[in-house]
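Note sheet for the following structure.
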Amino acid sequence: MPFSDFGIFLGDVSLWEINHFTKDPLKAQKSVLKKIVRRNKNCELGKKLHLGDVKSIEDYQRIVPLTTYADYEPYVDRMINNKEDRLMFSGKNIRYCSSSGSVGKPKILPKGINDLWKMQCIGFSVSVAVAAHWLKKNKGIRMPNQMGPLVLVLSGHNLDDNKRCNGAGQVPLTYLKPITRFFCTSPYSLLCPEHEELLDTSYLQLRFALENRNVTYLGSLVITLITTMFDYLEENWEMLCDDIEKGIINPNIKCTPELRAKYSKMFKPNPSRAAELRKEFEKGFDTPIAPRIWPKLVWGYGMMGSSLQVYIDKLRKSVGDLPLHNMGYAAAEGFFAAPVELNVNDSVLLPHCIFFEFLPIEEGEDHARDDVKPLLINEIEVGKDYELVVSNFSGLYRYKIEDVVHVTKMYNNTPRVELLYRQNLSMNVANEKTTTQMVEYAAAKTAEKTGVGFKGFSFYPDYSTKPPRYCMFVEPEKKVDEETRKKMIEVLDEELKGVNEKYFKYRRWGMLSEPEILILKEKSYWDYRESLRAKGVVLNQIKPVTVINSPEREKFFFSHVETENSSTIDEYNNKSKANA
Numbered sequence: 090m091p092f093s094d095f096g097i098f099l100g101d102v103s104l105w106e107i108n109h110f111t112k113d114p115l116k117a118q119k120s121v122l123k124k125i126v127r128r129n130k131n132c133e134l135g136k137k138l139h140l141g142d143v144k145s146i147e148d149y150q151r152i153v154p155l156t157t158y159a160d161y162e163p164y165v166d167r168m169i170n171n172k173e174d175r176l177m178f179s180g181k182n183i184r185y186c187s188s189s190g191s192v193g194k195p196k197i198l199p200k201g202i203n204d205l206w207k208m209q210c211i212g213f214s215v216s217v218a219v220a221a222h223w224l225k226k227n228k229g230i231r232m233p234n235q236m237g238p239l240v241l242v243l244s245g246h247n248l249d250d251n252k253r254c255n256g257a258g259q260v261p262l263t264y265l266k267p268i269t270r271f272f273c274t275s276p277y278s279l280l281c282p283e284h285e286e287l288l289d290t291s292y293l294q295l296r297f298a299l300e301n302r303n304v305t306y307l308g309s310l311v312i313t314l315i316t317t318m319f320d321y322l323e324e325n326w327e328m329l330c331d332d333i334e335k336g337i338i339n340p341n342i343k344c345t346p347e348l349r350a351k352y353s354k355m356f357k358p359n360p361s362r363a364a365e366l367r368k369e370f371e372k373g374f375d376t377p378i379a380p381r382i383w384p385k386l387v388w389g390y391g392m393m394g395s396s397l398q399v400y401i402d403k404l405r406k407s408v409g410d411l412p413l414h415n416m417g418y419a420a421a422e423g424f425f426a427a428p429v430e431l432n433v434n435d436s437v438l439l440p441h442c443i444f445f446e447f448l449p450i451e452e453g454e455d456h457a458r459d460d461v462k463p464l465l466i467n468e469i470e471v472g473k474d475y476e477l478v479v480s481n482f483s484g485l486y487r488y489k490i491e492d493v494v495h496v497t498k499m500y501n502n503t504p505r506v507e508l509l510y511r512q513n514l515s516m517n518v519a520n521e522k523t524t525t526q527m528v529e530y531a532a533a534k535t536a537e538k539t540g541v542g543f544k545g546f547s548f549y550p551d552y553s554t555k556p557p558r559y560c561m562f563v564e565p566e567k568k569v570d571e572e573t574r575k576k577m578i579e580v581l582d583e584e585l586k587g588v589n590e591k592y593f594k595y596r597r598w599g600m601l602s603e604p605e606i607l608i609l610k611e612k613s614y615w616d617y618r619e620s621l622r623a624k625g626v627v628l629n630q631i632k633p634v635t636v637i638n639s640p641e642r643e644k645f646f647f648s649h650v651e652t653e654n655s656s657t658i659d660e661y662n663n664k665s666k667a668n669a
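When we follow my numbering, the leftmost residue of the sequence shown carries the number 90, and every step to the right adds one.
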């Protein structure tokens, strides 16, 4: 059986389960909760929460309170530091997953075999099966043998109890090391390098992928990485073609001596492929380049969503109408939803994997009220927004993950949802997930280290540069000259690198540019507050503007900028004129 057929088979099994359980999601939810309670009632946390007294969903909601990460952190610390087991759940802890947390400290959650198995099956195979069915139905072709670049770096580290910890999206691939050579153009040592900071991974991934004319897919954990790959290609195609022609690794790119020696043995002079590529690159990049250099390319995948739409639109310039599969909605807490078709941003909730509750969010609000009644999967409505509460097999019970989802439509009798935003998230320009605490800390340290006090500051996602960047609007307590402003930019960049590992990596990988700082006129934040009061907003309801995330805020703050020369201002002015 060809390797791609095996992936399709596994995906079809998961798709059958999804189709079956979504027909009666409440029945599936009752079964999941019963299993969670039965398996974990005798662990330390299960006894504390009186899981043994739970006989129904109603009992569960009455006996077990809503929880946050603070309720679990002491148990996680004991697991890591004291190597204690079976604290949060009765099964054996296999590994950990990390997610965005407070400044410098991500949330770390244990993973048992049940949750890991679901993540592996759904995360690895559903994409392949959905793509195969789409190609057969819409193109009349069979899914070809899979081979392509996985544009990613599988980072992670061992904790004090010697168990591995990394992001949830990386888990499925970490278990596929023995077979990656059957479907990935890059060697596994490039996917999971020991010293990633010493490698030019963009060059090396393209060096292997361009050599192979038979690429059939483009893959990544997040679609932004594929977009960045094509940016790098457009800027460096001449160097890459020269190196392919000569069969070398360019001496000027970063690479450890060991890997340079290892990879150099894999390449031979290939003037015919270099000439083929050069011919297409010399035609320019105004028409999609991907199908011209990889004629067998049939699909791509990566995590997508409305928050990343700017990257998806940009990617289309390189890949044309290539069908794209959203990898789904997953986090350290579990795999929540999976897409059952291509070219969509929403996903079908998985009622057989996680027990869900939903806190309704009123129109105009970004959080659910404290006294709101949690709803079940059969009670939520299309078109409404909800804060997600989850219970899993790995020790989370009625856990508020601070995600807000929008119900788009139904699949069978189960909602399809799209992640709208994370409540503690401030900036997410390239899926780097910088929290409010992180930007506030970075801003405070910038003020401290430059000696410039801030009367107020706000962050803005700036797409005027390639790649995009953070822009911080600042009203200083004293006049700021250009030299000081540039120093503030340098310090802000370093502080953001220090509080968010993903920001640090994405800056190094060329996915984010150096930030910008725009100086606001005196009394800008006072004027903003007064403008809201003039609209009838009560003073104690006016909160600090951490993120400029609405047209009204954009209009106000850009009208109060004192800085004169900035592409951020030029881009905003051009956009405003176009929309006038």
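We put the CB at the ideal spot given by N, CA and C, even for glycine.
Mind reading off the beta-carbon distance from residue i to residue j? Whole number of angstroms is fine, and I expect it under 8 angstroms.
i, j, result
"Ala363", "Ile342", "Incorrect: roughly 17 angstroms between the Cβ atoms, too far for contact."
"Thr317", "Met600", "5 angstroms"
"Phe593", "Gln118", "About 40 angstroms separates the two Cβ atoms, so there is no contact after all."
"Pro276", "Val242", "Actually they are not in contact, since the Cβ atoms of Pro276 and Val242 sit about 13 angstroms apart, beyond 8 angstroms."
"Leu314", "Val240", "4 angstroms"
"Glu300", "Asn359", "6 angstroms"
"Met577", "Val518", "Actually they are not in contact, since the Cβ atoms of Met577 and Val518 sit about 19 angstroms apart, beyond 8 angstroms."
"Leu224", "Val387", "6 angstroms"
"Pro114", "Asn502", "6 angstroms"
"Thr274", "Phe297", "5 angstroms"
"Thr554", "Val580", "Between Val580 and Thr554 the Cβ distance is about 19 angstroms, and since that is not below 8 angstroms, they are no contact."
"Ile401", "Ile312", "6 angstroms"
"Trp615", "Thr290", "About 47 angstroms; that fails the 8 angstroms criterion."
"Val429", "Leu104", "7 angstroms"
"Glu521", "Lys586", "11 angstroms between Cβ atoms; not a contact."
"Tyr617", "Val634", "7 angstroms"
In terms of DSSP beta bridges, what is residue i paired with?
i, result
"Val636", "Phe548"
"Ser187", "Ile197, Gly256"
"Glu147", "Answer by DSSP bridge pairing: none, since Glu147 is not bridged."
"Cys560", "Tyr549, Glu605"
"Tyr306", "Trp388"
"Arg511", "Asp492"
"Thr156", "Tyr488"
"Ser436", "Val506"
Only counting the same chain, and skipping five residues up and downstream in sequence, which positions put a Cβ closer than 8 angstroms to that of residue i?
i, result
"Cys560", "Phe548, Tyr549, Pro550, Asp551, Pro604, Glu605, Ile606, Leu607, Thr657"
"Asp174", "Met168, Lys181, Asn182"
"Val478", "Leu155, Phe445, Glu446, Phe447, Leu448, Pro463, Arg487, Tyr488, Lys489, Ile490"
"Lys124", "Phe482"
"Val493", "Ile450, Asp455, Asp474, Tyr475, Glu476, Leu477, Leu508, Leu509, Tyr510, Arg511, Gln512"
Evaluate residue i with the Cβ neighbour count: other Cβ atoms within 10 Å of its Cβ, from every protein chain shown; 16 or more gives buried, anything less gives exposed.
i, result
"Gly96", "buried"
"Ile268", "exposed"
"Ser613", "buried"
"Glu564", "buried"
"Met700", "The chain is shown only over 90 to 669; residue 700 falls outside these bounds and no answer can be derived."
"Gln398", "exposed"
"Asn663", "exposed"
"Lys112", "exposed"
"Ser620", "exposed"
"Thr535", "buried"
"Ile202", "exposed"
"Gly100", "buried"
"Ile423", "With the sequence shown as reference, residue 423 is identified as Gly, and Ile is not the correct amino acid for it. Buried is the call here."
"Arg596", "buried"
"Glu237", "For the sequence presented, residue 237 should be read as Gly rather than Glu. Classification of Gly237: buried, given that the 10 Å Cβ count is 16 or more."
What does a CB cutoff of less than 7 angstroms around residue i pick up in its chain, not counting 5 residues either side in sequence?
i, result
"Ala421", "Cys186, Ser187, Ser188, Lys196, Leu198, Ala257"
"Ala427", "Ile107, Ile211, Val215, Gly417, Ser436, Val437, Leu439"
"Asn434", "Met393, Gly394, Ser395, Asn415, Glu507"
"Leu295", "Met318, Tyr321, Leu322, Leu329"
"Glu651", "Ile608, Leu609, Lys610"
"Ser655", "Glu605, Leu607"
Tell me which same chain residues have a C-beta within less than 6 angstroms of the C-beta of residue i, skipping the five on either side of it?
i, result
"Arg128", "Ser179"
"Phe543", "Ala536, Val563"
"His495", "Asp474, Glu507, Leu509"
Check your understanding: How do the region 127-137 and the region 249-260 stand: do at least 3 beta-carbon pairs fall below 8 angstroms, yes or no?
Key -> With a cut-off of 8 angstroms, the region 249-260 and the region 127-137 do not count as touching, because too few Cβ pairs lie within range.
Check your understanding: Would you call the region 445-453 and the region 462-472 in contact, with 3 or more CB pairs under 8 angstroms?
Key -> Output reads yes: the region 462-472 touches the region 445-453.
Check your understanding: Is the number of C-beta pairs between the region 153-161 and the region 482-489 that are closer than 8 angstroms three or more?
Key -> Result yes; three or more Cβ-Cβ pairs closer than 8 angstroms.
**Study point:** Cβ contact check for the region 231-238 and the region 304-314: 3 or more pairs under 8 angstroms
**Key:** Output reads yes: the region 304-314 touches the region 231-238.
Review point. Quick check: the region 467-474 against the region 412-421, are there 3 or more CB pairs under 8 angstroms?
Key: By the criterion of at least three beta-carbon pairs nearer than 8 angstroms, the region 467-474 is not in contact with the region 412-421.
Exercise for review: Report yes or no: do three or more beta-carbon pairs, one from the region 370-389 and one from the region 345-353, lie closer than 8 angstroms?
Suggested key: These segments do not touch.
Practice item. Would you check if the region 215-230 and the region 279-293 touch, i.e. whether three or more CB-CB distances between them fall below 8 angstroms? Key: No: fewer than three Cβ pairs fall under 8 angstroms.
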